[in-house]
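Structure first, commentary second.
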(Lines of atoms letter the chains of each structure in order from A and count residues from 1; the text may use other names and numbers.)
(Lines give C-alpha, C1' and ligand atoms only; values in the text may rest on other atoms or scores of the structure.)
Protein backbone atom coordinates (compact mmCIF):
# COMPACT_ATOMS: atom_id res chain seq x y z
CA UNK A 1 0.00 0.00 0.00
CA UNK A 2 1.50 3.38 -0.95
CA UNK A 3 2.40 5.58 1.98
CA UNK A 4 0.75 8.91 2.46
CA UNK A 5 3.10 11.81 1.99
CA UNK A 6 4.34 12.99 5.32
CA UNK A 7 2.82 16.25 6.53
CA UNK A 8 4.91 19.19 7.68
CA UNK A 9 6.88 18.47 10.82
CA UNK A 10 5.60 20.26 13.91
CA UNK A 11 7.39 23.51 14.55
CA UNK A 12 10.10 23.14 17.15
CA UNK A 13 10.06 25.54 20.03
CA UNK A 14 13.11 27.87 19.94
CA UNK A 15 15.72 26.78 22.44
CA UNK A 16 16.51 29.05 25.36
CA UNK A 17 19.99 30.36 24.69
CA UNK A 18 22.27 29.75 27.63
CA UNK A 19 22.74 32.93 29.64
CA UNK A 20 20.25 34.91 27.53
CA UNK A 21 18.09 36.89 29.96
CA UNK A 22 15.40 37.72 27.39
CA UNK A 23 14.97 34.06 26.42
CA UNK A 24 14.70 33.06 30.05
CA UNK A 25 12.15 35.78 30.81
CA UNK A 26 10.10 34.78 27.74
CA UNK A 27 10.02 31.12 28.77
CA UNK A 28 9.09 32.02 32.34
CA UNK A 29 6.20 34.08 30.98
CA UNK A 30 5.11 31.15 28.77
CA UNK A 31 5.17 28.83 31.77
CA UNK A 32 3.04 31.25 33.77
CA UNK A 33 0.59 31.67 30.86
CA UNK A 34 0.31 27.88 30.55
CA UNK A 35 -0.26 27.51 34.29
CA UNK A 36 -2.94 30.19 34.14
CA UNK A 37 -4.72 28.35 31.33
CA UNK A 38 -4.64 25.09 33.25
CA UNK A 39 -5.93 26.86 36.35
CA UNK A 40 -8.90 28.27 34.46
CA UNK A 41 -9.72 24.87 32.99
CA UNK A 42 -9.44 22.75 36.12
CA UNK A 43 -8.51 24.83 39.14
CA UNK A 44 -5.34 24.57 41.16
CA UNK A 45 -5.44 20.76 41.05
CA UNK A 46 -4.95 20.87 37.25
CA UNK A 47 -1.73 22.87 37.54
CA UNK A 48 1.17 20.44 37.67
CA UNK A 49 4.75 20.96 36.59
CA UNK A 50 4.44 18.16 34.02
CA UNK A 51 1.19 19.54 32.57
CA UNK A 52 2.67 23.02 32.30
CA UNK A 53 5.78 21.67 30.55
CA UNK A 54 3.66 19.69 28.09
CA UNK A 55 1.54 22.71 27.23
CA UNK A 56 4.58 24.88 26.55
CA UNK A 57 6.42 22.12 24.70
CA UNK A 58 9.48 21.78 26.91
CA UNK A 59 10.94 18.89 28.87
CA UNK A 60 9.21 17.91 32.15
CA UNK A 61 12.19 19.21 34.10
CA UNK A 62 12.37 22.62 32.39
CA UNK A 63 9.87 24.37 34.71
CA UNK A 64 12.01 23.45 37.70
CA UNK A 65 14.69 25.84 36.44
CA UNK A 66 12.27 28.70 37.13
CA UNK A 67 10.00 27.40 39.91
CA UNK A 68 11.02 25.09 42.74
CA UNK A 69 7.62 23.37 42.87
CA UNK A 70 3.92 23.78 42.13
CA UNK A 71 3.37 26.13 45.07
CA UNK A 72 6.04 28.48 43.75
CA UNK A 73 4.52 28.32 40.27
CA UNK A 74 1.09 29.27 41.62
CA UNK A 75 2.74 32.05 43.59
CA UNK A 76 4.30 33.20 40.34
CA UNK A 77 0.80 33.56 38.88
CA UNK A 78 -0.15 35.84 41.74
CA UNK A 79 2.99 37.91 41.30
CA UNK A 80 2.35 38.26 37.57
CA UNK A 81 -1.26 39.36 38.09
CA UNK A 82 -0.37 41.88 40.80
CA UNK A 83 2.51 43.20 38.71
CA UNK A 84 0.12 44.05 35.89
CA UNK A 85 -2.20 45.75 38.36
CA UNK A 86 0.64 47.84 39.76
CA UNK A 87 1.76 49.03 36.33
CA UNK A 88 -1.79 50.10 35.46
CA UNK A 89 -2.26 51.97 38.74
CA UNK A 90 1.21 53.53 38.66
CA UNK A 91 0.61 54.86 35.17
CA UNK A 92 -2.64 56.47 36.31
CA UNK A 93 -0.97 57.90 39.40
CA UNK A 94 1.93 59.42 37.44
CA UNK A 95 -0.26 61.04 34.79
CA UNK A 96 -0.77 64.78 34.99
CA UNK A 97 -3.85 65.54 37.09
CA UNK A 98 -5.16 68.96 38.15
CA UNK A 99 -5.75 67.74 41.70
CA UNK A 100 -5.08 64.89 44.11
CA UNK A 101 -8.80 64.19 44.09
CA UNK A 102 -8.78 63.60 40.35
CA UNK A 103 -5.66 61.46 40.71
CA UNK A 104 -7.49 59.38 43.32
CA UNK A 105 -10.40 58.84 40.93
CA UNK A 106 -8.06 57.95 38.06
CA UNK A 107 -6.23 55.30 40.10
CA UNK A 108 -9.51 53.79 41.30
CA UNK A 109 -10.66 53.66 37.68
CA UNK A 110 -7.38 51.92 36.77
CA UNK A 111 -7.83 49.37 39.56
CA UNK A 112 -11.36 48.51 38.46
CA UNK A 113 -10.45 48.52 34.78
CA UNK A 114 -7.54 46.15 35.22
CA UNK A 115 -9.63 43.43 36.86
CA UNK A 116 -12.60 44.04 34.55
CA UNK A 117 -10.26 43.54 31.59
CA UNK A 118 -8.68 40.42 33.12
CA UNK A 119 -11.45 38.47 34.85
CA UNK A 120 -9.32 35.33 34.82
CA UNK A 121 -6.68 37.08 36.92
CA UNK A 122 -9.37 38.40 39.26
CA UNK A 123 -10.62 34.88 39.76
CA UNK A 124 -7.11 33.64 40.42
CA UNK A 125 -6.38 36.26 43.07
CA UNK A 126 -9.73 36.70 44.77
CA UNK A 127 -12.02 33.73 44.05
CA UNK A 128 -12.30 31.00 46.72
CA UNK A 129 -10.14 27.99 45.94
CA UNK A 130 -10.85 25.71 48.87
CA UNK A 131 -7.94 23.83 50.35
CA UNK A 132 -5.66 24.67 47.41
CA UNK A 133 -5.90 28.37 48.24
CA UNK A 134 -3.20 28.03 50.89
CA UNK A 135 -0.74 27.13 48.14
CA UNK A 136 -1.38 30.38 46.28
CA UNK A 137 -1.32 32.86 49.14
CA UNK A 138 1.84 31.66 50.87
CA UNK A 139 4.31 34.52 50.99
CA UNK A 140 2.21 36.96 48.94
CA UNK A 141 2.88 39.74 51.46
CA UNK A 142 6.60 39.32 50.76
CA UNK A 143 6.30 40.12 47.05
CA UNK A 144 8.12 43.35 46.16
CA UNK A 145 5.18 44.26 43.92
CA UNK A 146 2.78 43.82 46.86
CA UNK A 147 4.84 46.26 48.88
CA UNK A 148 4.80 48.69 45.96
CA UNK A 149 1.02 48.47 45.74
CA UNK A 150 0.70 49.27 49.44
CA UNK A 151 3.15 52.15 49.12
CA UNK A 152 1.22 53.55 46.15
CA UNK A 153 -2.04 53.34 48.10
CA UNK A 154 -0.44 55.17 51.02
CA UNK A 155 0.96 57.86 48.71
CA UNK A 156 -2.51 58.43 47.26
CA UNK A 157 -3.91 58.96 50.76
CA UNK A 158 -1.12 61.32 51.78
CA UNK A 159 -1.56 63.43 48.65
CA UNK A 160 -5.30 63.78 49.15
CA UNK A 161 -4.92 64.53 52.86
CA UNK A 162 -2.45 67.31 52.04
CA UNK A 163 -4.85 68.75 49.47
CA UNK A 164 -7.64 68.71 52.05
CA UNK A 165 -5.38 70.38 54.61
CA UNK A 166 -5.67 67.56 57.16
CA UNK A 167 -3.16 65.30 58.89
CA UNK A 168 -2.17 61.79 57.96
CA UNK A 169 -3.59 60.03 61.03
CA UNK A 170 -6.51 58.49 59.08
CA UNK A 171 -4.68 57.62 55.84
CA UNK A 172 -4.52 53.90 56.59
CA UNK A 173 -8.22 53.66 57.44
CA UNK A 174 -9.12 55.63 54.31
CA UNK A 175 -6.94 53.34 52.19
CA UNK A 176 -8.61 50.26 53.69
CA UNK A 177 -12.06 51.68 52.96
CA UNK A 178 -11.09 52.44 49.36
CA UNK A 179 -9.79 48.91 48.84
CA UNK A 180 -12.88 47.30 50.41
CA UNK A 181 -15.24 49.40 48.31
CA UNK A 182 -13.34 48.60 45.11
CA UNK A 183 -13.57 44.88 45.77
CA UNK A 184 -17.24 45.23 46.68
CA UNK A 185 -17.98 46.74 43.28
CA UNK A 186 -15.99 44.08 41.43
CA UNK A 187 -17.61 41.24 43.33
CA UNK A 188 -21.06 42.63 42.67
CA UNK A 189 -20.58 43.09 38.93
CA UNK A 190 -18.32 40.13 38.16
CA UNK A 191 -19.71 37.50 40.51
CA UNK A 192 -23.36 38.39 41.17
CA UNK A 193 -24.46 38.21 37.54
CA UNK A 194 -28.09 37.38 38.27
CA UNK A 195 -28.89 40.77 39.76
CA UNK A 196 -30.66 43.01 37.20
CA UNK A 197 -28.06 45.77 37.05
CA UNK A 198 -29.05 49.01 35.36
CA UNK A 199 -26.77 51.19 33.24
CA UNK A 200 -23.34 49.91 34.25
CA UNK A 201 -21.44 52.92 32.95
CA UNK A 202 -23.53 55.24 35.12
CA UNK A 203 -23.23 52.90 38.10
CA UNK A 204 -19.44 52.67 37.69
CA UNK A 205 -18.92 56.43 37.45
CA UNK A 206 -21.21 57.03 40.42
CA UNK A 207 -19.47 54.38 42.48
CA UNK A 208 -16.03 55.85 41.83
CA UNK A 209 -17.30 59.24 42.94
CA UNK A 210 -18.74 57.68 46.09
CA UNK A 211 -15.44 55.96 46.88
CA UNK A 212 -13.56 59.24 46.57
CA UNK A 213 -16.13 61.06 48.71
CA UNK A 214 -15.93 58.36 51.38
CA UNK A 215 -12.14 58.55 51.42
CA UNK A 216 -12.32 62.33 51.81
CA UNK A 217 -14.75 62.10 54.74
CA UNK A 218 -12.56 59.53 56.42
CA UNK A 219 -9.42 61.63 56.00
CA UNK A 220 -11.18 64.62 57.54
CA UNK A 221 -13.13 62.97 60.34
CA UNK A 222 -11.75 59.46 60.83
CA UNK A 223 -14.22 56.74 61.90
CA UNK A 224 -16.85 59.39 62.64
CA UNK A 225 -16.86 60.38 58.97
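Residue numbers (the numbering used here): 29 to 253.
Where is the CB? At the ideal position from N, CA and C, for every residue including glycine.
Item                                                                                                                                                                           : Value
In chain order, what residues of the same chain have a beta carbon less than 8 Å from the beta carbon of residue 195, not counting five sequence neighbours either side?       : 189
Using the C-alpha atoms, what's the distance from residue 88 back to residue 204?                                                                                              : 43 Å
Under three-state DSSP, which class holds residue 195?                                                                                                                         : coil
Just checking residue 94 against the ligand ATP - is the residue's beta carbon closer than 8 Å to any of the ligand's heavy atoms?                                             : In the structure shown, the ligand ATP is absent, as is every other ligand, since no ligand is present at all.
Alpha carbon to alpha carbon, how far is residue 136 from residue 210?                                                                                                         : 7 Å
By how many angstroms is the C-alpha of residue 202 removed from the C-alpha of residue 250?                                                                                   : 8 Å
What are the uninterrupted segments assigned as alpha helix (DSSP H) that are 4 or more residues long and contained completely in the stretch 75 to 136, given in chain order? : 77 to 84, 98 to 122
Between residue 176 and the rest of its own chain, which residues show a CB-CB distance below 6 Å, the 5 nearest in sequence each way excluded?                                : 114
How big is the Cα-Cα spacing for residue 90 and residue 110?                                                                                                                   : 25 Å
Keeping to the same chain, check which residues put their C-beta closer than 8 Å to that of residue 105; ignore five residues upstream and five downstream.                    : 60, 63, 64, 67, 152, 164
For residue 236, tell me which candidate among 85, 70, 57, 131 has the shortest Cα-Cα distance.                                                                                : 131
If you draw a straight line from the C-alpha of residue 245 to the C-alpha of residue 253, how long is it?                                                                     : 5 Å
Could you check what DSSP says for residue 11 in three-state terms: helix, strand or coil?                                                                                     : This structure cannot settle anything about residue 11, because the visible part of the chain is limited to 29 through 253.
List the whole-angstrom C-beta distance separating residue 134 from residue 240, where the pair is believed to meet the contact cut-off of C-beta under 8 Å.                   : Between residue 240 and residue 134 the Cβ distance is about 10 Å, and since that is not below 8 Å, they are no contact.
Cα-Cα, which of 184, 85, 154 is closest to residue 117?                                                                                                                        : 184
Could you give the first and the last residue of the continuous alpha helix (DSSP H) run that contains residue 221?                                                            : Here residue 221 belongs to no alpha helix (DSSP H), and DSSP marks it neither H nor E.
Report the three-state DSSP secondary structure of residue 182 (helix, strand or coil).                                                                                        : helix
Could you please give the first and the last residue of the uninterrupted alpha helix (DSSP H) stretch that includes residue 67?                                               : 49 to 70
What did DSSP end up calling residue 212 once you bin it into helix, strand or coil?                                                                                           : helix
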